[in-house]
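Residue numbers (the working numbering), protein chains in the order written: chain A, 1 to 233; chain B, 1001 to 1233.
Remarks on the structure that follows.
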DNA sequence: GGCAGTGTAAATTTAATGTTAAGATAATGT
DNA sequence: ACATTATCTTAACATTAAATTTACACTGCC
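What follows is the structure, given as structure tokens:
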């Protein structure tokens, strides 16, 4: 996996912590940006559109919760992941952070190894979309080993091209658009098949099977009674 | 936490008990109001909008269960917490049978310390629901160490993902939606199982056991003769 | 001690999905 | 327009995970 596709914005008012976090995450290949207060964080987020904002809860000049709320309500940034850093034992702030829509909370102090694995786990929930310079529409979805190339209408797995027929391609595109999210059968029917078209129960299964055959089993997981989800590798 | 922000309405027909309860709770800083029957309790509730109504089950002039039902169906009071005081050994079945919807059941006699901690627990422990910006449906329920993530269809315990099969997931979702509230077996059947589907007595127990196995014992408590409740940690 | 209610492991049943191959349909080439 | 081919769907059956039941142990209470 190439973590250098990901941009992370670190926000903390203590310079030491910023450096500690930066150092450890840069070592993994991430693109790191930093800010020292909420206002700066919001401004920078709009500018660089990071995939993840890792932010202290308590900060001068607009605290983390307010900043998170502002980021969440900004167009183009709705899908930005926000994780809060909280001092251990600050139980309440954890909840407050979640209420603001935080995707995770991480307690300080934290060991570099743990930090890195938590961050990676979080980023596995987002695929990187690459938009066409002119049309602005999504061109490619990069998610771990897989790249869904909508322009060439094929999937690249570890550098190898795999062509897929339409239904399979669309099904994979849907699942990969939100890694880890469970798509119900109903949702899949709604979004991959035209309205009014009714197909049998086993149709989705067969397409899923073909995808697994071509890509490998591990990428698509079954959640029995609910649906399917894509997971990054 | 500043307990003086909370208003509690005590309802009992015995003056001694009212005084005993008032004294102990006032000492903690709560704002205490009293009523001596169900009718009065309903009237006062509408007026002062207490955070918690602590009420004897058996009373003249409309009993506690009827009063609770009326409070629950009053606009602006749906989220008022209602806890019942019951004599030890009193037949719980009426309470359970009527599905009065009490949030907790406290047996008399009760030691001041225990009373105070139960009341605090009730007021403090609420889970936070996070709704999806687009669909408006509930996305996550955050409750202390546990996060129920409906999108990914799994539970996160202190940063660790735990996957649950459907029935277990739904059962936990229900219990966690109102920490401390005792859900009767009947209520659980109604809300987790489809209508017309009848299952045996031990079915719920087995699911509860599996949940306890996966999450740890402490989160789900048995209230003998009534049902189960989730408590926050 | 004997109920009533609950806990628990293992066996059993049920429901959901996996799988294969054959048939239908749509797209493409000639 | 017809043949050809790839794709999609269906049907039948196998497999598996999950849900439920069974059978009995336990626990507190009068």
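Glycine included, C-beta positions come from ideal geometry on N, C-alpha and C.
Backbone secondary structure at residue i - three-state DSSP
i	result
residue 1127 of chain B	coil
residue 1176 of chain B	helix
residue 111 of chain A	coil
residue 1189 of chain B	helix
residue 150 of chain A	coil
residue 122 of chain A	helix
residue 1143 of chain B	strand
residue 219 of chain A	helix
residue 1054 of chain B	strand
residue 138 of chain A	strand
residue 224 of chain A	coil
residue 156 of chain A	strand
residue 1003 of chain B	helix
Span of the alpha helix (DSSP H), counted from its first residue to its last, around residue i
i	result
residue 1214 of chain B	1202 to 1215
residue 1024 of chain B	1015 to 1026
residue 1046 of chain B	1038 to 1048
residue 1065 of chain B	1064 to 1072
Boundaries of the beta strand (DSSP E) in which residue i is found, first to last residue
i	result
residue 1227 of chain B	1227 to 1230
residue 84 of chain A	81 to 87
residue 32 of chain A	31 to 35
residue 1076 of chain B	Segment: none, residue 1076 of chain B is in no beta strand (DSSP E) and carries neither H nor E.
residue 7 of chain A	7 to 11
residue 1162 of chain B	1160 to 1163
Backbone CA spacing between residue i and residue j [nearest angstrom]
i	j	result
residue 47 of chain A	residue 149 of chain A	26 Å
residue 44 of chain A	residue 217 of chain A	40 Å
residue 1165 of chain B	residue 40 of chain A	43 Å
residue 176 of chain A	residue 3 of chain A	17 Å
residue 38 of chain A	residue 1212 of chain B	40 Å
residue 1111 of chain B	residue 1144 of chain B	27 Å
residue 170 of chain A	residue 194 of chain A	12 Å
residue 1128 of chain B	residue 1147 of chain B	10 Å
residue 58 of chain A	residue 103 of chain A	17 Å
residue 230 of chain A	residue 116 of chain A	22 Å
residue 114 of chain A	residue 51 of chain A	19 Å
residue 223 of chain A	residue 157 of chain A	24 Å
residue 200 of chain A	residue 187 of chain A	15 Å
residue 205 of chain A	residue 189 of chain A	12 Å
residue 83 of chain A	residue 106 of chain A	7 Å
residue 1173 of chain B	residue 152 of chain A	43 Å
residue 1049 of chain B	residue 1079 of chain B	10 Å
residue 1208 of chain B	residue 1220 of chain B	8 Å
residue 1227 of chain B	residue 1181 of chain B	10 Å
residue 1008 of chain B	residue 123 of chain A	45 Å
residue 72 of chain A	residue 1163 of chain B	27 Å
residue 233 of chain A	residue 62 of chain A	37 Å
residue 133 of chain A	residue 139 of chain A	9 Å
residue 1054 of chain B	residue 1178 of chain B	17 Å
residue 32 of chain A	residue 24 of chain A	10 Å
residue 1010 of chain B	residue 1131 of chain B	34 Å
residue 1159 of chain B	residue 215 of chain A	30 Å
residue 1119 of chain B	residue 100 of chain A	27 Å
residue 1021 of chain B	residue 1013 of chain B	13 Å
residue 1056 of chain B	residue 1067 of chain B	10 Å
residue 1005 of chain B	residue 135 of chain A	55 Å
residue 15 of chain A	residue 36 of chain A	8 Å
residue 1028 of chain B	residue 1141 of chain B	30 Å
residue 1109 of chain B	residue 17 of chain A	53 Å
**Asked** Residues in the segment 174 to 187 of chain A with C-beta within 7 Å of chain B's C-beta atoms, listed in sequence order?
**Response** For the segment 174 to 187 of chain A, which is checked against every Cβ of chain B, the residues closer than 7 Å are 180, 181, 182.
**Selection of the segment 1122 to 1152 of chain B by Cβ proximity to chain A, strictly under 8 Å** = Cβ proximity to chain A below 8 Å picks out 1128, 1130, 1133, 1140, 1142, 1144, 1147, 1151, 1152 from the segment 1122 to 1152 of chain B.
**Interface residues of the segment 208 to 229 of chain A facing chain B [CB-CB below 8 Å]** = Within the segment 208 to 229 of chain A, 223, 224, 225, 226, 229 place their CB atoms closer than 8 Å to a CB of chain B, listed in sequence order.
**Message:** Which residues of the segment 59 to 72 of chain A have a Cβ closer than 8 Å to any Cβ of chain B? Give them in chain order.
**Reply:** Considering only beta carbons, the part of the segment 59 to 72 of chain A lying closer than 8 Å to chain B consists of 72, in chain order.
**Item:** chain B contacts made by the segment 103 to 122 of chain A, where a contact means CB separation under 7 Å
**Value:** So the list reads 118, given in the order they occur along the chain.
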